[in-house]
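In the UniProt record's numbering, the protein residues as written are 1 to 97.
Structural data, given as C-alpha cells:
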C-alpha cells in the first residue's frame, strides 16, 4: 500500500461495493493499514454504499479491535454520525456487545 500511495494512488477511492480502502482495513481490523492510510490523509468520515463510515464498520467488525477504533477517533472520525434508525458508532457498539 505504501508503494501505491507513493505513486499517487487515490486513497479515498471507492470499490464496486462502495467501500474505501480505510473502510475495508477497519472491517479487517488491520491496524497497520489503518495507520498507513490515515497518515497518508485518508478521509475517515467517508461513507460506503450503505452509509456506514469507517468507525461504524470498526465497531461492527467480527472481532472488535479497540486500537483501530481509538485511532479512528483520534483521526477525527465522527462518533456522532448516524446511520439507519439514528444509530451512531457508539450506540452500535453498545447494542452489538
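Beta carbons are placed, not taken as given, at the ideal position from N, Cα and C, and that holds for glycine.
Kindly identify the DSSP beta-bridge partner or partners of residue 25.
-> Per DSSP, none; premise fails for residue 25.
Where residue 69 sits in the DSSP three-state scheme | helix
Compare the Cα-Cα distances from residue 79 to each of 41, 59 and 21 and report the closest residue.
-> 59
How close, in whole Å, do the beta carbons of residue 26 and residue 54 come, if the pair is a contact with beta carbons under 8 Å?
-> 5 Å
Are the beta-carbon atoms of residue 51 and residue 83 separated by less than 7 Å?
-> yes
According to DSSP, is residue 58 helix, strand or coil?
-> helix
Could you name the residues of the same chain whose beta carbon sits closer than 6 Å to that of residue 61, not counting the 5 residues immediately before and after it, in chain order?
-> 27 and 29
Do residue 48 and residue 23 have their C-beta atoms within less than 7 Å of each other?
-> yes
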